[in-house]
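Chemist:
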Amino acid sequence: MTTTRFAPSPNGHLHLGHAHAALFARARGTRFLLRIEDIDRGRARPAFEAAIFEDLAWLGLDWERPVRRQSDHFDDYAAALGRLAAAGLLYPCFCTRKEIQAEIARSPAAPHGPEGALYPGICRRLDPAIAAERRARGDGFALRLDMTEATRRAGPLEWRDRGRGLVTARPEAHGDVVLARKDVPTSYHLSVTLDDHLQGVDLVTRGEDLFEASDIHRLLQALLALDVPEWHHHGLIRDPAGRRLAKREGAPTLRRLRADGVTPDEVRRMADTAERQPGSG
Ligand code: GLU
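Residue numbers (this note's numbering): 416 to 696.
Here's what the structure looks like:
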């Protein structure tokens, strides 16, 4: 038995890229789950969540109930953060984006990871007494993972991708990642990893744009003693100019296609063809 899931964020309507991701997961799972990734309370909307259910049902998909909604489970994320904190692997970071940018600009050799310059470690070096004082004063802070210590404790890690085979994890390439944001008491990395474990997902499917992020998730599994799934990263659907579809750039939504008379079968075919297009994988 294989358990897969589709895990959209309800901050817009689903487009063809989501249909592809959902169908890709469904086709590989005997059990298929749906998870609503709505930790970003400022952007998530109940109307988008309702539309997700409706659009997926229109596509002909069915999923196991109950649906896990991440915003109902902040306690689970807090407990995991508590374990990492107790192990001495987290530190509070009070930096603003501006301060981080300024520090990076001052150090021309600043190391870069898959998503740009790495956090330069300003608050890792902060005197604990000053950090405690700032917390007591009510200054907002994120929680970052001490990556050097975390990777030292976890030792070498690998994971298996069904498309690419055995992958050597390089979480250190991401630096001290944020595990709890200033505005949200968790993060994408922490909640996605913990939920896949709690829900018994043993094949994690996601777009190849998140391929490197899986290294971080593999590390979190080691640190929190979570089950280790297999992964299968899929190609991204691109527009005719080769850009990946994105909500913010006005990719046609499934509702739009449906209103234009496109059938679910045609959407399935479009999603399928796109996976095989050169440049999509
Ligand atoms: N919620 C994430 C997204 O919408 C995907 C979750 C995952 O598969 O990692 O991009």
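For each residue, glycine too, the CB sits at the ideal point set by N, CA and C. Quick caveat, the model's predicted, so the values are computed rather than measured.
Would the C-beta of glutamate 530 count as close to the ligand GLU, meaning under 7 Å from any of its heavy atoms?
Modeler: Not under cutoff, so the answer is no.
Chemist: Please state whether the Cβ-Cβ distance between tryptophan 371 and arginine 575 is less than 8 Å.
Modeler: Residue 371 cannot be examined here, being either before or after the span of the chain that is shown, 416 to 696.
Chemist: Please tell me whether, using a cut-off of 7 Å, the distance from the CB of valine 582 to the nearest non-hydrogen atom of the ligand GLU is below it.
Modeler: No; taking the cut-off as 7 Å, the Cβ of valine 582 has no heavy atom of the ligand GLU nearer than that.
Chemist: If you follow the beta strand (DSSP E) that aspartate 491 is in, where does it begin and where does it stop?
Modeler: Run containing aspartate 491: none in the beta strand (DSSP E); it sits in the alpha helix (DSSP H), 489 to 501.
Chemist: If I follow the unbroken alpha helix (DSSP H) through alanine 595, where does it start and stop?
Modeler: Not the alpha helix (DSSP H): alanine 595 falls in the beta strand (DSSP E), residues 593 to 595.
Chemist: Have a look at the DSSP bridge pairing and note the partners of threonine 419.
Modeler: For threonine 419, which the question treats as bridged, DSSP gives the partners Phe447.
Chemist: Hey, which unbroken runs of the beta strand (DSSP E) at 3 residues or more fall wholly within the segment 598 to 686?
Modeler: Counting only runs of 3 or more, we get 618 to 622, 645 to 649.
Chemist: Is it right to say arginine 458 is buried, meaning 16 or more other beta carbons lie within 10 angstroms of its own, or is it exposed?
Modeler: Counting Cβ neighbours within 10 Å, arginine 458 comes out exposed, since fewer than 16 surround it.
Chemist: Whose C-beta lies closer than 8 Å to the C-beta of valine 607 among residues of the same chain, with five residues either side of it excluded?
Modeler: Cβ neighbours of valine 607 beyond the five flanking positions: Ala422, Glu452, His632.
Chemist: Can you tell me whether tryptophan 473 is helix, strand or coil according to DSSP?
Modeler: Helix, per DSSP.
Chemist: Secondary structure at threonine 511, three-state DSSP: helix, strand or coil?
Modeler: Residue state, collapsed to three classes: coil.
Chemist: Over the uninterrupted beta strand (DSSP E) stretch that includes cysteine 481, give me the two end residues.
Modeler: The sequence as given places proline at residue 481; cysteine does not occur at that position. Counting along the chain, the beta strand (DSSP E) containing proline 481 begins and ends at 479 to 484.
Chemist: Check the C-beta distance from arginine 420 over to leucine 448 and give it rounded, since I have them as a contact under 8 Å.
Modeler: Rounded, the Cβ-Cβ distance is 4 Å, consistent with contact.
Chemist: What do you get for threonine 563, buried or exposed, if any count of 16 or more other CB atoms within 10 angstroms of its CB means buried?
Modeler: With fewer than 16 Cβ atoms within 10 Å of its Cβ, threonine 563 is classed as exposed.
Chemist: Using 10 angstroms around the beta-carbon of threonine 566, count the other beta-carbons present and answer buried if the total reaches 16, otherwise exposed.
Modeler: Counting Cβ neighbours within 10 Å, threonine 566 comes out buried, since at least 16 surround it.
Chemist: When every heavy atom of the ligand GLU is checked, does at least one fall within less than 7 Å of the C-beta of leucine 496?
Modeler: Leucine 496 Cβ: outside cutoff for every heavy atom of the ligand GLU.
Chemist: Confirm the yes/no value for this check: CB of valine 625, any heavy atom of the ligand GLU, distance under 7 Å.
Modeler: The amino acid at residue 625 is misidentified as valine; the sequence shows leucine. True, at least one ligand heavy atom lies under 7 Å from that Cβ.
Chemist: Report the option in Ala656, Pro600, Asp654, Gly590 whose CA atom is closest to the CA atom of alanine 628.
Modeler: For the residues Ala656, Pro600, Asp654, Gly590, the minimum Cα distance to alanine 628 belongs to Gly590.
Chemist: Per DSSP, what are the beta-bridge partners of aspartate 576 in this structure?
Modeler: Gly580, Trp646.
Chemist: Contact check, leucine 669 vs histidine 430 under 8 Å by CB: the rounded distance?
Modeler: With 8 Å as the limit, leucine 669 and histidine 430 qualify as a contact, their Cβ atoms being about 7 Å apart.
Chemist: Please report how far the alpha carbon of arginine 559 lies from the alpha carbon of glutamate 587, in whole angstroms.
Modeler: Arginine 559 and glutamate 587: Cα-Cα distance of roughly 13 Å.
Chemist: Please report the straight-line C-alpha distance between threonine 601 and arginine 484, rounded to a whole angstrom.
Modeler: The alpha-carbon atoms of threonine 601 and arginine 484 are separated by roughly 14 Å.
Chemist: What are the start and end residues of the alpha helix (DSSP H) that includes alanine 569?
Modeler: Here the alpha helix (DSSP H) through alanine 569 covers 562 to 569.
Chemist: Using 8 Å as the threshold, is the C-beta distance between valine 616 and threonine 445 below it?
Modeler: No; because the gap between Cβ atoms is not below 8 Å, this pair is not in contact.
Chemist: Expressed to the nearest angstrom, what Euclidean distance is found between the alpha-carbon atoms of glutamine 614 and phenylalanine 468?
Modeler: When rounded, the distance between both Cα atoms is 19 Å.
Chemist: Whose CA, out of Asp675, Asp611, Leu605, lies closest to the CA of tyrosine 492?
Modeler: Tyrosine 492 has its Cα closest to that of Leu605, out of Asp675, Asp611, Leu605.
Chemist: Grouping DSSP H, G and I as helix and E and B as strand, with all else coil, what is histidine 435?
Modeler: Helix at histidine 435.
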